[in-house]
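Residue numbers (my numbering): 128 to 604.
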Amino acid sequence: MKRIVLSALLLCGVLTVGAKVKLPSLISDDMILQQQSEVKLWGDASPKAEVRVTPSWNGQTVTCRADKSGQWMLKLATPAAGYTPYEITFDDGTAEKAVVSNVLIGEVWMASGQSNMQMPLKGFPGCCIENGLDDAIAAADMQGVRMFTVPMRQSYTPQEECGGNWKTTQNFADVMEFSATAFYFATNLSRALRVPVGIVTCAYGGTRVESWLPRDILEGYADISTDSATISQITPDYERPMLTYNGMFRAVRHYTVKGIIWYQGCGNVGRHQTYAERLATMVKRWREEMALGDIPFYFAEIAPYDYGSGDTVKGARLREAQFKAQSLIPNSAMISTNNLVEPYERYNIHPRTKKPVGHRFSYLALNLTYGMKQVCCFGPQYKSWTAKGNEAWVAFDHLEMGICRNYDVQGFEVAGEDRVFYPADKVWLHWQTNEMVISSEKVAKPVAVRYCFRDFQPGTMIGGNELPTVPFRTDDW
128 MKRIVLSALL
138 LCGVLTVGAK
148 VKLPSLISDD
158 MILQQQSEVK
168 LWGDASPKAE
178 VRVTPSWNGQ
188 TVTCRADKSG
198 QWMLKLATPA
208 AGYTPYEITF
218 DDGTAEKAVV
228 SNVLIGEVWM
238 ASGQSNMQMP
248 LKGFPGCCIE
258 NGLDDAIAAA
268 DMQGVRMFTV
278 PMRQSYTPQE
288 ECGGNWKTTQ
298 NFADVMEFSA
308 TAFYFATNLS
318 RALRVPVGIV
328 TCAYGGTRVE
338 SWLPRDILEG
348 YADISTDSAT
358 ISQITPDYER
368 PMLTYNGMFR
378 AVRHYTVKGI
388 IWYQGCGNVG
398 RHQTYAERLA
408 TMVKRWREEM
418 ALGDIPFYFA
428 EIAPYDYGSG
438 DTVKGARLRE
448 AQFKAQSLIP
458 NSAMISTNNL
468 VEPYERYNIH
478 PRTKKPVGHR
488 FSYLALNLTY
498 GMKQVCCFGP
508 QYKSWTAKGN
518 EAWVAFDHLE
528 MGICRNYDVQ
538 GFEVAGEDRV
548 FYPADKVWLH
558 WQTNEMVISS
568 EKVAKPVAVR
578 YCFRDFQPGT
588 MIGGNELPTV
598 PFRTDDW
């Protein structure tokens, strides 16, 4: 009997020695860590083992103890950003050490949403990215841009691991799979800040905002069921609530990022009444789970698109809800995409122009997050209007650089007491006050003004940095 017990103990010892610190996919070779912060690192080890983590940038070991199930987490102070590659060694004292190599220190952002954020540089079938191929080839020169793409996954239960790995720009085939919007955001940010930039892309085409919310919140919505049998009947499957939150966001919530960029909304067209509040709720929950405070949340207005439903302002109402969401979400801002489509893209939900989208996200970050106030990041936004005879005089906010196009301005409509909107046949800039003066021969007394408040109506009025005027309406009809 003693021999059997001894053998069993020896076997247990072998198994214990054979154990190794296990790291999540996010903590792997080629990763970028947020500079000058306390980044979270986590994983699995032997139960109750002391985990020792030693970064090569200072050689100082940080320790923590795994819980009874072997899970552990600690915080590691990072240095200033730079292009020196580092190693991080993980050891629980019972087996061979785990080493993560080629680690850079820089700025890290999460990029999330639906297909226009997911859309890679190679494009989608039937939808290309303007200059995507050439920019992917040229990416070899961007030594500091790296991306971790969370594999698309749905789950009825919250997941702690997602799979995947960090990619650099040195492999052309990898770069072609990068989110185009996130890539252009990262490259612009890296050039402007002169530091490496890492992106965690967590996007799933077609998803609604409810897809990115957890069960306990969704249970409070009368129009949403969290019953698995009911959810499984929802088609298309990408519109199912909760599943991408469980399958994707949960697995990356611990990674330390500077902020989030978000491009989503098409999946909620027709549900504009609840969108702003639910987006704000999502951001609040995400920030709570990431435990990084009110980190920046910058999001893109959905692009012009003809939804073909007979309701020609269905998409416009969703854009209006997006604009409203800024007032509900602390430390948030929206970029407009109104002028980033071509006429032939009327029925293309994936416009080819993604570089300006990524760049506009970077303008918000450079100005609002990194303090470069000389970077103009907002286009004109409606402020107020007044009727003067048969003219509507419209005032705007964010005119730091003025109105930069005052000829052939398209997109304005005006309505009289009959509530019928007519395209403005005369639009001119009163340069002394920076007001746009709008009129139509068919409207004797204006009672309301709209600008690009339709599903598909690109406008031409721009402000500083060629940023477009945000679509708006003065009525509530």
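Heads up, the beta-carbon is just placed ideally off N, CA and C, and yes, glycines get one too. Since this is a predicted model, take the numbers as computed values, not measurements.
Per DSSP, the continuous beta strand (DSSP E) segment holding residue 200 begins and ends at 198-204.
For the pair residue 309 and residue 281, the Cα-to-Cα distance works out to about 22 Å. Looking at the DSSP output, residue 275 bridges to 293, 327. Boundaries around residue 243 are those of the alpha helix (DSSP H), 242-245, since no beta strand (DSSP E) includes it. With contacts defined by Cβ atoms closer than 9 Å, residue 225 and residue 294 do not form a contacting pair. Contact between the region 263-280 and the region 188-198 is absent: fewer than 3 CB-CB pairs across the two stretches fall below 8 Å.
Collapsing the DSSP output to three states places residue 449 in a helix. For the 9 Å CB-CB criterion, residue 406 and residue 384 do not form a contact. Residue 431 is positioned such that its CB atom lies no closer than 9 Å to that of residue 539. Boundaries of the beta strand (DSSP E) around residue 177: 177-182. Straight-line spacing of the CA atoms in residue 518 and residue 364 works out to 49 Å. Relative to residue 404, the option among 356, 158, 454 whose CA is nearest is 454. Comparing alpha carbon positions, the residue from 189, 156, 528 closest to residue 230 is 156.
Each of 392, 372, 417 was checked against the Cα of residue 381, and the nearest Cα belongs to 417. DSSP lists no bridge partner for residue 474. When the alpha-carbon of residue 535 is set against those of 520, 547, 554, the nearest one is in 554. Apart from sequence neighbours up to five positions away, the residues of its chain that approach residue 433 with a beta-carbon distance below 6 Å are 473, 474, 582, 583, ordered along the chain. Between the alpha carbons of residue 592 and residue 461 lies a gap of roughly 15 Å. Given a length threshold of 3 residues, each whole run of the beta strand (DSSP E) inside the region 516-603 is given here in chain order: 518-524, 539-542, 548-550, 553-557, 562-566, 575-578. Annotation: residue 174 to residue 301 spans about 37 Å, alpha carbon to alpha carbon. Per DSSP, residue 187 lies in no beta strand (DSSP E) and is assigned neither H nor E. If the five residues before and after residue 299 are omitted, its C-beta is found closer than 7 Å to the C-beta atoms of 263, 264, all from its own chain and listed in chain order.
Secondary structure note for residue 166: its beta strand (DSSP E) is the uninterrupted segment 165-171. For residue 389, the enclosing beta strand (DSSP E) starts and ends at 386-390. Taking a contact as a CB-CB distance under 8 Å, the pair residue 488 and residue 425 counts as one, their CB atoms being some 6 Å apart. In this structure, residue 153 lies near residue 379, with their beta-carbon atoms less than 9 Å apart. With contacts defined by Cβ atoms closer than 9 Å, residue 259 and residue 250 form a contacting pair. If the five residues before and after residue 520 are omitted, its C-beta is found closer than 6 Å to the C-beta atoms of 513, 562, 564, all from its own chain and listed in chain order.
In the assembly as shown, residue 443 is a buried residue. Its beta-carbon has 16 or more other beta-carbons within 10 Å.
Judged by DSSP secondary structure, residue 259 falls within the alpha helix (DSSP H) whose first and last residues are 259-265. For residue 441, the secondary structure class from DSSP, reduced to helix, strand or coil, is helix. Beta-bridge pairing by DSSP links residue 209 to 232. If you look at residue 402, you'll find it in the alpha helix (DSSP H) that goes 399-417. By the beta-carbon neighbour count (other beta carbons within 10 angstroms, threshold 16), residue 600 is buried. When DSSP states are grouped into helix, strand and coil, residue 288 belongs to the coil group. Nearest to residue 349 by C-alpha distance, out of 356, 360, 371, 337, is 337.
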